[in-house]
Amino acid sequence: MSNVMVMDHPLIQHKIGIMRNKNTSTKEFRALVAEVAMLIYYEASRNLALADKEIETPLVKTTVKEIAGKKLCVVPILRAGLHMADGILNLTPNAKVGHIGLYRNEETLEPVEYFCKLPVDVTEREVFLVDPMLATGGSAIAAIDLLKARGISKIRFLCLIAAPEGIDALKNAHPDIDIYVGAQDERLNENGYILPGLGDAGDRIYGTK
C-alpha cells in the first residue's frame, strides 16, 4: 500500500499556520508556499539512491556521493503548483521541470486536463508531482494517471494541505505512490474545499480573489 507521511516538523507547522491566516499578504503567502514545499521535499527526497563519484578536493582524491541515475524531475499541477516547484528548485536547481494543466469543474468537482508538457527523458527520472491542496483527490489522481500513461513509474506526490477524503481517494486509486503532506486537515465542506484549510491556494498565490 502507499505510504502517507504527514509532516510534524515545527518549521512546517509554523509556516502553514501563517498561511492559514486570511490576513497574510499575497507576497508572504507566495513565499511561504515555496518555503514549505522545500521543507516537504527535503523529507520526500530522503531515500533517493546514491552513487559513488571520484573527485579531487583541494588536498586529496576522495570518493563522494551523488544522486544516482538521470536525477530528478519536478512536475507542478498548474497553476498553484508552480510556486511549490520554485521552492524545490532552490534545493535541486538542476532538476528538470514538467507541467500538467488541470482545472476543477466547479459543478462536478472533476478535473479537466488542458495542458501537459514533460521532459523527453522523464521516464528515466524520479518525478515529484506537486500541488498545494489535496481535496477530493481528483486532480492528483488524474495527473498520476496521465504520468503513468506516458510510462512514468517513479512518482512521489507532495502537497501542503490534505483532507482525509483526498488521501483515501489517492491511496485507493494509486496504492504504489508515496504521499507527502504538510498538514492533514479535518474534512471537506459541501463545496469540496478543505476545512479549516487556507482558502484557494491559487487565488492567494496570485492575488486573484
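So the number in the working numbering is just where the residue sits in the sequence shown, counting from 1, plus 210.
Using N, Cα and C, we set each Cβ at its ideal position, and we do this for glycine too.
These numbers were taken from a predicted model, which means no experiment stands behind them.
- Rounded C-alpha distance that separates residue 275 from residue 403: 43 Å
- Item | Distance, residue 266 Cα to residue 351 Cα | 45 Å
- Task: State the start and end residues of the unbroken alpha helix (DSSP H) segment that holds residue 395.
- Result: Looking at the DSSP string, residue 395 is not in any alpha helix (DSSP H), and its letter there is neither H nor E.
- Taking Cβ to Cβ, would you say residue 336 is nearer than 7 Å to residue 358? no
- Helix, strand or coil at residue 314 according to DSSP, with G and I counted as helix: strand
- What distance in whole Å lies between the Cβ atoms of residue 298 and residue 284, which are believed to be in contact at a cut-off of 8 Å? 5 Å
- Message: Please tell me whether residue 290 and residue 387 are closer than 7 Å, where the distance is taken between their beta carbons.
- Response: no
- Identify whether residue 364 lies in helix, strand or coil by the three-state DSSP scheme. coil
- Alpha carbon to alpha carbon, what distance is there between residue 389 and residue 211? Any reading at residue 211 needs caution, since the residue's pLDDT is 43, under 50, leaving its predicted position unreliable; the model's value is listed next. If you take the alpha carbons of residue 211 and residue 389, they lie about 11 Å apart.
- With residue 403 as the anchor, note down where its beta strand (DSSP E) starts and where it stops. Here residue 403 belongs to no beta strand (DSSP E), and DSSP marks it neither H nor E.
- Task: Check whether the Cβ atoms of residue 366 and residue 338 lie closer than 7 Å to each other.
- Result: yes
- Please check the pair residue 406 and residue 243, which I expect to be a contact at CB under 8 Å, by giving their CB distance rounded to whole angstroms. Going by Cβ atoms, the distance from residue 406 to residue 243 rounds to 17 Å, so no, they are not a contact pair.
- Query: In angstroms, rounded to a whole number, what distance separates the CA positions of residue 374 and residue 273?
  - Reply: 45 Å
- Task: Look up residue 321 in the DSSP assignment and say whether it is helix, strand or coil.
- Result: strand
- Would you give the residue range spanned by the alpha helix (DSSP H) that residue 221 belongs to? 220–230
- Task: Tell whether a beta-carbon distance below 7 Å holds between residue 376 and residue 411.
- Result: no
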